[in-house]
Amino acid sequence: MTYAADNGYDKRDVDYSLIHHESKEVFTKFIRSMELQEGMKLLDIGGGYGSVFMNISDLYPELSFQYDLLDSSEKQLGKAKTAIASFLENKRSGAAVNYIHRDAVHLDLPADMYDIVVCKMFIHEIPEVNQALVHQQIFSVIKPGGCVLFWTADLDESDHAFYSETIRKKDELAGFHSFVANRHFLLNTQLETLLAGAGFGTIEKLFDFEYELHTSARLQSEFQGNVQTLTSWHDHILEAAGKLKPEEKKQMLIEVSSSNIHIRFKRAVFKALKG
Ligand SMILES: C[S@@+](CC[C@H](N)C(=O)[O-])C[C@H]1O[C@@H](n2cnc3c(N)ncnc32)[C@H](O)[C@@H]1O
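Residue numbering for the sequence shown follows the working numbering, beginning at 1 and increasing consecutively.
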């Protein structure tokens with residue numbers, strides 16, 4: 001088995017529902033769009049601490065299905081095991097949960113195995129050079145008639161460069177060197193091209209929703225309370241924002257105060273069908 005070298009996720013310990021303000025409403029829409037049924041097999045790639053599993057089980061407590069969580073970080077898998085065990089305590093669940101410690105670049109799983117593959121805020125973790133390979137492997141492990149769902153950054157030409165640069169600078173200042181080296185945020189058009197190239201037929205953007213980035217939410221979780229680091233991030237964001245067109249700035253509703261910069265980006269859910 002192979003693992004991503006110098007994995008920032010073995011250091012990073014954040015709750016995405018808090019720093020990204022993930023709502024139950026969006027989770028519910030996301031899970032309903034999976035169209036899960038009894039006996040299905042689901043693979044959650046880059047599953048982190050298992051938020052997808054817990055939200056599925058909240059919505060369908062009785063559902064009997066197989067949930068495989070694959071992640072390259074031992075720390076994130078440890079968090080998932082603890083969180084899911086505690087979540088399932090005193091509950092009757094029909095779910096079978098498996099943990100796979102692996103780099104998705106070397107998926108090494110049987111062909112046609114899963115009804116559903118989920119990639120929630122994961123695909124940008126894959127370096128550009130490996131993107132096509134990962135998409136091909138996702139296609140391979142899905143059963144004919146099955147699907148992949150992406151919950152991902154919703155980026156077009158108007159915000160892609162600004163978003164990528166804002167997050168890259170945060171990662172650099174926070175010391176997440178592997179993120180700076182690896183992360184590759186895709187334009188929606190690039191995601192669609194990669195999916196079509198891997199063999200997927202119908203590719204659909206199901207819905208989008210607002211993602212309110214508040215820099216202050218990262219002060220403790222990523223900068224260990226270092227206000228100077230947050231200020232450096234602010235300086236960088238303001239410089240990059242200065243290069244945006246007026247209509248782009250307006251669309252992103254950039255609001256600046258002494259302790260926080262708020263930027264309205266977007267997220268979206270995409271679904272692609274195999275065969
Ligand atoms: C932004 S987190 C998202 C976690 C989870 N899907 C969620 O939304 O709550 C990205 C996850 O992808 C994992 N990851 C990063 N690179 C990976 C790779 N090459 N193979 C497998 N997992 C990876 C990280 O360890 C982390 O848990």
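Even for Gly, the Cβ is constructed at its ideal location relative to N, Cα and C.
Review point. Within the present structure, is the beta-carbon of E125 separated from the nearest heavy atom of ligand 1 by less than 6 Å?
Key: yes
Practice item. Specify the secondary structure class of Q220 as computed by DSSP and reduced to three states. Key: helix
Review point. For the alpha helix (DSSP H) that Q37 lies in, which residues bound it at each end?
Key: Neither: Q37 is in no alpha helix (DSSP H) and is coded neither H nor E.
Practice item. Closer than 6 Å by C-beta to M113: which residues in its own chain qualify, once you throw out the five before and the five after it? Chain order, please. Key: V141
**Study point:** Helix, strand or coil at E255 [DSSP, three-state]
**Key:** strand
Practice item. Report the residue ranges of all alpha helix (DSSP H) runs contained in full by the stretch 126-174; include only those spanning at least 4 residues, in chain order. Key: 128-141, 160-174
Practice item. Pick out whichever of G8, V14, D10 has its Cα sitting closest to the Cα of A217. Key: V14
Check your understanding: Per DSSP, what kind of secondary structure is A95 in: helix, strand or coil?
Key -> coil
Exercise for review: For D71, verify whether its CB is less than 6 Å away from any heavy atom of ligand 1.
Suggested key: yes
Check your understanding: Can you find at least 3 beta carbon pairs, one from the stretch 80-94 and one from the stretch 22-29, that sit closer than 8 Å?
Key -> no
Review point. Closest to Y211 by CA distance: which of V227, Y99, L244, R267 is it?
Key: R267
Check your understanding: So what does E210 bridge to, in DSSP terms?
Key -> K266
Check your understanding: Would the stretch 242-255 and the stretch 168-185 be scored as touching if the rule is three or more Cβ pairs under 8 Å?
Key -> no
Check your understanding: How about A80 and L69: do their beta carbons lie closer than 7 Å?
Key -> yes
Exercise for review: Thinking L173 and F223 are a contact (beta carbons under 8 Å), I'd like their distance in whole angstroms, please.
Suggested key: 7 Å
Point to revise | Through-space distance from K29 to L206, alpha-carbon basis | key: 10 Å
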